[in-house]
Amino acid sequence: MPDFNLNREFFDRPFLDVARSLIGCTLCWQGCGGRIVEVEAYAVEGDAACHTATRRSSRLFYQENPPGTAYVYLNYGIHWMLNVLAREGILLIRALEPQFGIPIMQARRRQENLRALCSGPGKLGQALGFTGMDHGKDLTGGVFRSGGAAEIVADRRIGITKAAELPWRFMEAGSPWVSVPPGPFAVRPGNADSASEATSRSGQR
DNA sequence: GTGCCGATGTAG
DNA sequence: TACATCGGCACG
Numbered sequence: 003m004p005d006f007n008l009n010r011e012f013f014d015r016p017f018l019d020v021a022r023s024l025i026g027c028t029l030c031w032q033g034c035g036g037r038i039v040e041v042e043a044y045a046v047e048g049d050a051a052c053h054t055a056t057r058r059s060s061r062l063f064y065q066e067n068p069p070g071t072a073y074v075y076l077n078y079g080i081h082w083m084l085n086v087l088a089r090e091g092i093l094l095i096r097a098l099e100p101q102f103g104i105p106i107m108q109a110r111r112r113q114e115n116l117r118a119l120c121s122g123p124g125k126l127g128q129a130l131g132f133t134g135m136d137h138g139k140d141l142t143g144g145v146f147r148s149g150g151a152a153e154i155v156a157d158r159r160i161g162i163t164k165a166a167e168l169p170w171r172f173m174e175a176g177s178p179w180v181s182v183p184p185g186p187f188a189v190r191p192g193n194a195d196s197a198s199e200a201t202s203r204s205g206q207r
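This note's numbering applies: residue 3 is where the first sequence begins, and numbers increase by one.
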């Protein structure tokens, strides 16, 4: 089984490729983390939901930092969101299967249930202890490591109002650790007939 | 199970 | 003012 560090070259690829590749990889931050099962992608150009569309400071940050840099920000005044810069895009790490430092994460979350530890970007940020102090840090030094093969499902992004129809929320198929399971619009990337796939999926519900 | 709602910081 | 969210509470 391959287990190598995800270096600068890994993140310096088209951001959608990086997003898909991250599923099944490992994230370990100061002893806490696990297997990544959900990642959302935002395009630096032409994506109304991306911070770069409305924030000059965000565009500047993207321009001044290389792929593999942490983009951490506070949302709703409460939740720290972990993102990683990639080529032409920013990737939100939304959920992972807890594997490392579980007692510490349980303490930070004040939550015993493993399913509730990292199943959402806010929970993940709290469990791993990310804060604004980590904004701008380099994550290519062993934080991310490759994992085994993963079957990918793509669905619409959630929690946003602008450009929400883009199928840029990537998950591991069948994973019980995601924030929200794939819905009727979910597709397997690379499937030519996504519409019929979505129809048959919704019909099985 | 569903749905509403308040918390709380900050960029624009 | 609008958020890339979450947990608690009401309901039944």
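Every residue, glycine too, gets a C-beta built ideally from N, C-alpha and C.
Keep in mind that this is a model prediction, so the values were computed, not measured.
If you reduce the DSSP assignment to three classes, tell me which class residue i lands in.
i                 : result
asparagine 193    : With a pLDDT of only 42 at asparagine 193, under 50, the local geometry of the prediction cannot be trusted, and no value is derived from it.
threonine 28      : strand
phenylalanine 187 : coil
tyrosine 64       : helix
valine 74         : strand
valine 20         : helix
arginine 159      : coil
glutamine 108     : helix
proline 100       : strand
glycine 35        : strand
phenylalanine 132 : coil
Straight-line CA distance for residue i to residue j?
i            : j                 : result
valine 20    : tryptophan 82     : 22 angstroms
cysteine 120 : arginine 58       : 30 angstroms
glutamate 99 : leucine 93        : 18 angstroms
asparagine 9 : glutamate 153     : 22 angstroms
aspartate 5  : phenylalanine 102 : 16 angstroms
Would residue i and residue j qualify as a contact pair, given that the criterion is a beta-carbon distance under 9 angstroms?
i              : j             : result
glycine 155    : tryptophan 31 : The question names glycine, but residue 155 is valine in the sequence shown. No, they are not a contact pair.
serine 148     : alanine 97    : no
isoleucine 106 : glycine 33    : yes
Between which residues of its own chain and residue i is the CB-CB distance below 6 angstroms, once the five residues before and five after are set aside?
i                 : result
phenylalanine 132 : Val74, Trp82 and Leu84
Round the Cβ separation of residue i and residue j to the nearest angstrom and send it over; I've been treating them as touching at under 8 angstroms.
i             : j              : result
glutamine 128 : arginine 111   : 6 angstroms
aspartate 157 : methionine 135 : Their Cβ separation, rounded to whole angstroms, is 32 angstroms, which puts aspartate 157 and methionine 135 out of contact at 8 angstroms.
valine 39     : serine 177     : 4 angstroms
For residue i, which residues of its own chain have a beta-carbon under 7 angstroms away from its beta-carbon, when the five flanking residues on both sides are left out?
i                : result
phenylalanine 63 : Tyr73
valine 208       : This structure cannot settle anything about residue 208, because the visible part of the chain is limited to 3 through 207.
Return yes when at least one heavy atom of the ligand SAM lies under 8 angstroms from the C-beta of residue i, else no.
i             : result
glutamine 128 : Ligands in the displayed structure: none, and consequently the ligand SAM is not present.
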